[in-house]
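Beneath this line is the structure, given in structure tokens, with notes to follow.
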Amino acid sequence: MTTEFSPFHIAIPVHNLEECRTFYKDILNCEEGRSSDHWVDFNFFGHQLVIHYKEKSAEDLHTNPVDGKHVPVPHYGVVLPWDVFHDFAENIRAKGVQFIIEPYIRFEGQVGEQITMFFLDPAGNALEFKAFKDMGQLFAK
Numbered sequence: 009m010t011t012e013f014s015p016f017h018i019a020i021p022v023h024n025l026e027e028c029r030t031f032y033k034d035i036l037n038c039e040e041g042r043s044s045d046h047w048v049d050f051n052f053f054g055h056q057l058v059i060h061y062k063e064k065s066a067e068d069l070h071t072n073p074v075d076g077k078h079v080p081v082p083h084y085g086v087v088l089p090w091d092v093f094h095d096f097a098e099n100i101r102a103k104g105v106q107f108i109i110e111p112y113i114r115f116e117g118q119v120g121e122q123i124t125m126f127f128l129d130p131a132g133n134a135l136e137f138k139a140f141k142d143m144g145q146l147f148a149k
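If you read the sequence shown in our numbering, its first letter stands for residue 9, the second for the next number, and so on.
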């Protein structure tokens, strides 16, 4: 497996294309790319995120217990540099984003020390953003 940077592609369902377009563009500051009346591409921190219209589902949010918190499953997101994470968290907090899990540090002083946070987009898709104190420990055991 290569260790070079390879952008990923993810497509997610949204029931309100315009509301989610505004969220990703104006709240998360993602640059918009191509679009149609059923989907929109975004530059999601160097990766391709596509929001696709899908009728609203009645499914409840599923969670698993981690560190005494209810982590939403499924979820997606990115690993940011440590200093970028803090600025990003304050920026979205200032824009009124409600956290499912407030930013907190896991494994403090241990291998894999990281900070993480979770919130939902307007369609109810769960996002996790995290940062490692030492990025070299991203896959450390």
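Note that CB positions come from ideal geometry on N, CA and C, so glycine has one too.
Excluding the 5 residues preceding and the 5 following residue i in the sequence, name in chain order all residues of the same chain whose CB lies nearer than 7 angstroms to its CB.
{"i": "residue 97", "result": "111, 125"}
Going by beta-carbon coordinates alone, are residue i and residue j separated by less than 8 angstroms?
{"i": "residue 33", "j": "residue 26", "result": "no"}
{"i": "residue 140", "j": "residue 127", "result": "no"}
{"i": "residue 156", "j": "residue 28", "result": "Residue coverage of the chain in this structure runs from 9 to 149, which leaves residue 156 outside it and unanswerable."}
Taking buried to mean at least 16 other C-beta atoms within 10 Å of its own C-beta, is residue i buried or exposed?
{"i": "residue 91", "result": "exposed"}
{"i": "residue 59", "result": "buried"}
{"i": "residue 15", "result": "exposed"}
{"i": "residue 95", "result": "exposed"}
Would DSSP call residue i helix, strand or coil?
{"i": "residue 85", "result": "strand"}
{"i": "residue 67", "result": "coil"}
{"i": "residue 96", "result": "helix"}
Out of the options, point me to the one whose CA is closest to residue i's CA.
{"i": "residue 36", "options": "54, 45, 43", "result": "54"}
{"i": "residue 51", "options": "99, 85, 12", "result": "85"}
{"i": "residue 149", "options": "69, 67, 77, 120", "result": "120"}
Excluding five sequence neighbours on each side, which residues of the same chain lie with their C-beta closer than 6 angstroms to the C-beta of residue i?
{"i": "residue 70", "result": "81"}
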